Amino acid sequence: MNPYFNDTHDMARQTARRWVSQAILPHISDWEEAETFPRELYQQAGELGLLGIGHPEALGGQGEHDVFLKIAVSEELMRSTSGGLVASLGSLDIGLPPVWRMGSPALQQRVVPPVLRGEKIMALAITEPGGGSDVANLRTRAVRDGDHYVVNGAKTFITSGVRADHYTVAVRTGEPGFAGVSLLLIDKDTPGFSVGRQLKKMGWWASDTAELFFDQCRVPVGHLIGPENSGFLTIMMNFQAERLSLAVMAYMTAQLALEASLDYAKTRETFGKQLSKHQVIRHKLAEMATQVDVCREYTWRCAARMAAGQNALKEVSMAKNFATETADRVTTEAVQILGGMGYMRESVVERLYRDNRILSIGGGTHEIMNEIIAKQLAL
Ligand SMILES: Cc1cc2nc3c(=O)[nH]c(=O)nc-3n(C[C@H](O)[C@H](O)[C@H](O)COP(=O)(O)OP(=O)(O)OC[C@H]3O[C@@H](n4cnc5c(N)ncnc54)[C@H](O)[C@@H]3O)c2cc1C
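Counting in the working numbering, the sequence shown runs from 253 upward without gaps.
If you want it as structure tokens, here you go:
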């Protein structure tokens, strides 16, 4: 009955659901505590065709245009209850599109198929120690020297930063501001490139997040992604899909917190009756359910605009802000409804509450989304 999803989407959803319940859920708490997950998961996801969703068929993907196929699978991956696992497994979705949109055919052929098969890992490196919101003023510099660019600078907070094999890196090749930004594909074994420590985080424990350093790092000119100084537009195009998937992660986080709260409220007894029979708790649950439904429907509506090729710059920013705020509220209430158990590591809402906090920061902060919305309102 859902107008957005068809049989193909449902089949992919079933595949992802089976994989999550058999291969991930039994181990996820251990992996979260260990702050990692087995690298084989990339290959398993590749073999199931899950990594190729959202990427061109010519390079081994399932096609880049079916937005709802991506959403169906992302919703199921979030049922792993680990935003960190989903973020790391999905770092190819932000790292690869610049390569297949703007990279040379040779670069595309070398990099994209192995990443979609799960044999190699891909990351996107834009944020720098000096700032992430003001992308146009990034400082990592690449200077042309014969057949190479010589790169100097640093990146931070990079998802899959430790484990990645390839990095799509934003660098300054030209004048100050957005018109001097380019993208370079940098391989892990490039001389002058090094990875810092795995950063300790509030949430997303299963994902590795790292600093990257470039010290006289020599990158072949063939690794330039798109024309020199045209990187900013490519980065902005990338952000649209990333923000949509962060909205999906947020409403799924809220959905899972709601489900855990409903289960608990129906079984826990206080003052001689089920928790769910106390009006305050019933109304909390009713409001949580309303908020989750509304933000999921709005996100789908926004995705439909994107699928139809319409401009959704304002809507996707709204969807991200609304969904992440909703999930912050719903996960907070979920911890409250579970009482002391909600504060325990063994309860899923404890992780959902922590994991959600990043979603209104990464991929453009809440404040930056509001700036975009304000501009679209001609303010
Ligand atoms: C777990 C994690 C994973 C990440 N993964 C990646 C990744 O894979 N690749 C990558 O490139 N980056 C990644 N990031 C970085 C993330 O995108 C940035 O943290 C984010 O863009 C914000 O940048 P910043 O942290 O430098 O904050 P800043 O830009 O310094 O902003 C600080 C605060 O000021 C606010 N602010 C800034 N400018 C304005 C303004 N004009 N008006 C009002 N308020 C403003 C911001 O909203 C924020 O609240 C990750 C971050 C984390 C924590």
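C-beta: ideal position from N, C-alpha, C; glycine also. Everything numeric in this text was worked out from a predicted model, so none of it was measured.
In terms of residue numbering, what span does the beta strand (DSSP E) encompassing residue i cover?
i: T401; result: Per the sequence presented here, residue 401 reads as Tyr, with Thr not at that position. Start and end: H400 to T411.
i: D607; result: First-last for D607: V600 to N608, but that is the alpha helix (DSSP H), not the beta strand (DSSP E).
Quick check on this structure: which residue in the options has the alpha carbon closest to the alpha carbon of residue i?
i: T505; options: W271, R265 and E327; result: E327
i: Q295; options: L359, V319, D282 and P365; result: P365
i: A560; options: E309, F320, G298 and T584; result: F320
i: Q507; options: A571, T578, E623 and A339; result: T578
i: G448; options: I410, V367 and A431; result: I410
i: V418; options: R548, E292 and E371; result: In the sequence on display, residue 418 carries His and not Val. Taking only the C-alpha atoms, the option nearest H418 is E371.
i: G301; options: E285, D460, K322 and D282; result: K322
i: F257; options: W552, E598 and V568; result: W552
i: V367; options: V532, S412 and G616; result: S412
i: R609; options: G594, E567, D318 and V582; result: V582
i: I276; options: Q314, R331 and V433; result: R331
i: H475; options: L485, D399 and W271; result: D399
i: I346; options: I305, W271, E494 and Y550; result: E494
i: M374; options: S385, T420 and E284; result: T420
i: A499; options: K453, M540 and M621; result: M621
i: K452; options: E284, D259 and D262; result: E284
i: I613; options: E287, S385 and M263; result: S385
Tell me whether residue i sits in a helix, a strand or coil according to DSSP, three-state version.
i: E463; result: strand
i: L476; result: strand
i: Q641; result: Summary: the structure shown does not reach residue 641, with the chain confined to residues 253 through 631, and so no result is reported for it.
i: R270; result: helix
i: R470; result: strand
For residue i, does the count of other Cβ atoms within 10 angstroms reach 16, so buried, or fall short, so exposed?
i: S497; result: buried
i: P428; result: exposed
i: N490; result: buried
i: T518; result: As written in the sequence, residue 518 is Lys, which differs from the Thr given in the question. Exposed, because fewer than 16 other Cβ atoms sit within 10 Å of the Cβ of K518.
i: K627; result: exposed
i: G455; result: buried
i: A358; result: exposed
i: A310; result: exposed
i: F523; result: exposed
i: G535; result: First, the amino acid is wrong: residue 535 is His here, not Gly. So H535 ends up on the exposed side.
i: E316; result: buried
i: P278; result: exposed
i: D282; result: exposed
i: Q360; result: buried
i: S273; result: exposed
i: K525; result: exposed
i: T333; result: buried
i: Y401; result: buried
i: N573; result: buried
i: Y595; result: exposed
i: T392; result: buried
i: R415; result: buried
i: M253; result: exposed
i: E585; result: buried
If you follow the alpha helix (DSSP H) that residue i is in, where does it begin and where does it stop?
i: G483; result: G483 to T519
i: V414; result: First-last for V414: undefined, no H or E at that position.
i: F574; result: L565 to I589
i: D282; result: I280 to A286
i: Q562; result: Segment: none, Q562 is in no alpha helix (DSSP H) and carries neither H nor E.
i: Y595; result: Careful: Y595 lies outside any alpha helix (DSSP H) and carries neither H nor E.
i: K627; result: H618 to Q628
i: E309; result: Where E309 is concerned, there is no enclosing alpha helix (DSSP H), given that its DSSP letter is neither H nor E.
i: G298; result: E292 to E299
Tell me, please, whether the CB atom of residue i is closer than 7 Å to any CB atom in chain C?
i: I305; result: You won't find chain C in this structure, because it holds only one protein chain.
Segments of 4+ residues assigned as alpha helix (DSSP H) that fall wholly inside the stretch 328–397: 335–341, 344–347, 349–354 and 357–368
Contained beta strand (DSSP E) runs [length at least 3] in the stretch 414–459, N- to C-terminal order: The beta strand (DSSP E) runs of length 3 or more contained entirely in the stretch 414–459 are, from start to end of the chain, 418–424, 433–439 and 445–450.
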